[in-house]
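**Q** This is the structure I want to talk about, given as structure tokens.
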Amino acid sequence: MQVKVDKYIRELLYENDAVNVPGLGGFVTEYQAATIDHVQAQILPPALEVSLNTNLPIDDGLLIQRIADDHHLSGLQAEQVLRDYVEGLHDSLNTGEIVAIEGVGRLYKNYEGALQLMSDHTNFDTSVYGLPAVSSAIINRNTPPLAQPSTNAQVVPAAQKEDTDTWKVISDWFQQNLWLVVSAAMVVFVLTVWLLFFKNKPADPNSGLSEVNELPESRVNVSPGEIEDDELVIEEPTSPEDMVNSNQEEESVVTPPPAEAEEELDTEAPTVAPEQAVALIRIGIFGDRGNVQKLVQRIYDEGFEPYTREKGKLIEVGVQFAYDDQQEVQTNLRTIRKKFEEKAKVVE
């Protein structure tokens, strides 16, 4: 007897907050308030999203009762049908397959062997059934503040008002030409230093050379070997190659751009047919949501479907797509490594 257990799971989620499957876990619906998708410029309605809780092994009897009623089976027979269904799921998951539960999501095991559910984003909230997402363009409003009339206006004499206007004009000119004032001050400073230290420096009128300071008598007729180490200072000239290398090292320092404001991530995944295989290629793991948002937008711009999921305090970002054979997976992997990250890898 062919019993479509996944159909009963989906139907019961419309009627109950949770449906427990013995040996698998509990499918629990959680309320999600209406949100704004800034990437796709859409307003999403409230929804009941489904997630898998593997810590609910207790059978609530809902699924067995529905199978027994629809197929006229006894409780033991319905329980055996459900047990066979769960064993088949585990056999497929242990081989690395992604098992689809129609209308609910896709089950898979991560690299740690833990069971995970990738939701199909079906809205199980019957109160908003049929309410679609609304597309809305972003509206930027720049409303100047309204001037508040002064209740305590005072009469200002004409002479005082004229002086105030004059100082205001001078202040505005300095603010607009600050760079010119600073440049003039620097020129004056350099000329002053040159006049004080270089212009009046004495020189020998006969030789045209600057005055040579006389050596102390203690250094006269002394061989280089007799000079103390702390008195001998050798100043090595800087070669052109060293100057080029130094400039290259200074230019190689790049100041990282400031983190952008956090925005909500687009975790919406397309609905895939149950028989269709899905591959996940991880591009990177980030701790900054601003960088995650920029990478998601870039993946969209390149024509791929992004995915995100939590990894503790970090967020994994990558590309997901349906495929028919491994050749298609390898082709997409090469393209993604070329466009995004050379270390991108297939995780599932």
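Position one of the sequence shown corresponds to residue 153 (the working numbering), numbered consecutively onward. Ideal placement from N, C-alpha and C gives every residue a C-beta, glycine not left out.
Out of curiosity, what's the CA-to-CA distance linking N168 and D277?
**A** One-based indexing of the sequence shown puts residue 168 at position 16. One-based indexing of the sequence shown puts residue 277 at position 125. If I take the Cα positions, the gap works out to 10 Å.
**Q** To the nearest whole angstrom, what separates the beta carbons of L241 and I161, a pair I think is in contact under 8 Å?
**A** For the purposes of this step, residue 241 is taken as the residue at position 89 of the sequence shown. For the purposes of this step, residue 161 is taken as the residue at position 9 of the sequence shown. About 11 Å separates the two Cβ atoms, so there is no contact after all.
**Q** Please tell me whether T274 and G248 are closer than 8 Å, where the distance is taken between their beta carbons.
**A** Along the sequence shown, read from residue 1 onward, the residue named residue 274 stands at position 122. Along the sequence shown, read from residue 1 onward, the residue named residue 248 stands at position 96. Not in contact: T274 and G248 (Cβ atoms no closer than 8 Å).
**Q** Grab me the residues of D212's own chain with a C-beta within less than 6 Å of its C-beta, minus the 5 sequence neighbours each way, in chain order.
**A** As a first step, residue 212 must be located in the sequence shown, where it is residue number 60. Result list for D212: N172, in chain order.
**Q** Are the Cβ atoms of G203 and L245 separated by less than 8 Å?
**A** Taking the sequence shown and counting its residues from 1, the one referred to as residue 203 is at position 51. Taking the sequence shown and counting its residues from 1, the one referred to as residue 245 is at position 93. Looking at the sequence shown, residue 203 is not Gly but Ser. No, the Cβ-Cβ distance between S203 and L245 is not below 8 Å.
**Q** Pick from F179, K320, V471: whose alpha carbon is nearest that of N207?
**A** Start at 1 with the first residue of the sequence shown, and residue 207 comes out as number 55. Considering only alpha carbons, the answer is F179.
**Q** If we count the other Cβ atoms within 10 Å of its Cβ and call it buried at 16 or more, is D272 buried or exposed?
**A** Counting from one through the sequence shown, the residue named residue 272 turns up at place 120. Counting Cβ neighbours within 10 Å, D272 comes out buried, since at least 16 surround it.
**Q** Please report the Cβ distance between V238 and L176, rounded to the nearest whole angstrom; I am assuming they are in contact, meaning their Cβ atoms lie under 8 Å.
**A** Stepping through the sequence shown from its first residue, residue 238 is reached at position 86. Stepping through the sequence shown from its first residue, residue 176 is reached at position 24. 5 Å between Cβ atoms; contact.
**Q** Quick check on DSSP: helix, strand or coil for K495?
**A** The residue given as residue 495 occupies position 343 in the sequence shown. Coil at K495, not helix or strand.
**Q** Secondary structure at F179, three-state DSSP: helix, strand or coil?
**A** Sequence index remark: in the sequence shown, residue 179 carries index 27 (1-based). Correct three-state label for F179: strand.
**Q** From what residue to what residue does the beta strand (DSSP E) around I290 run?
**A** Along the sequence shown, read from residue 1 onward, the residue named residue 290 stands at position 138. That residue, I290, is in no beta strand (DSSP E); it is neither H nor E in DSSP.
**Q** Quick one: Cα of S348 to Cα of L332, how far?
**A** Taking the first residue of the sequence shown as 1, we reach residue 348 at position 196. Taking the first residue of the sequence shown as 1, we reach residue 332 at position 180. The sequence given here places Leu at residue 348; Ser does not occur at that position. When rounded, the distance between both Cα atoms is 25 Å.
**Q** What does the alpha-carbon distance come out to for the pair V469 and Y260?
**A** Within the sequence shown, the letter at position 317 stands for residue 469. Within the sequence shown, the letter at position 108 stands for residue 260. Taking the straight line from one Cα to the other gives about 17 Å.
**Q** Which residue comes first and which comes last in the beta strand (DSSP E) that contains E462?
**A** By one-based count along the sequence shown, residue 462 stands at place 310. Start and end: 457-463.
**Q** Per DSSP, Q184 forms a beta bridge with which residues?
**A** As a position in the sequence shown, residue 184 is number 32, starting the count at 1. Paired residue(s): A199.
**Q** At which residue ranges does the stretch 203-254 contain complete beta strand (DSSP E) runs of 3 or more residues, listed in the order of the chain?
**A** Counting only runs of 3 or more, we get 251-253.
**Q** Use the C-beta contact count for P284: other C-beta atoms within 10 angstroms, 16 or more gives buried, fewer gives exposed.
**A** Along the sequence shown, read from residue 1 onward, the residue named residue 284 stands at position 132. The residue is exposed, with fewer than 16 neighbouring Cβ atoms inside 10 Å.
**Q** Please report the Cβ distance between V471 and I433, rounded to the nearest whole angstrom; I am assuming they are in contact, meaning their Cβ atoms lie under 8 Å.
**A** Here residue 471 refers to the residue found at position 319 of the sequence shown. Here residue 433 refers to the residue found at position 281 of the sequence shown. About 5 Å separates the two Cβ atoms, so the contact holds.
**Q** Give the C-beta separation of V448 and V191 to the nearest angstrom, bearing in mind that I take them to be a contact with Cβ-Cβ under 8 Å.
**A** Locating residue 448 in the sequence shown gives position 296, counting from the first residue. Locating residue 191 in the sequence shown gives position 39, counting from the first residue. Indeed, because the Cβ distance is near 7 Å, the residues count as touching under 8 Å.
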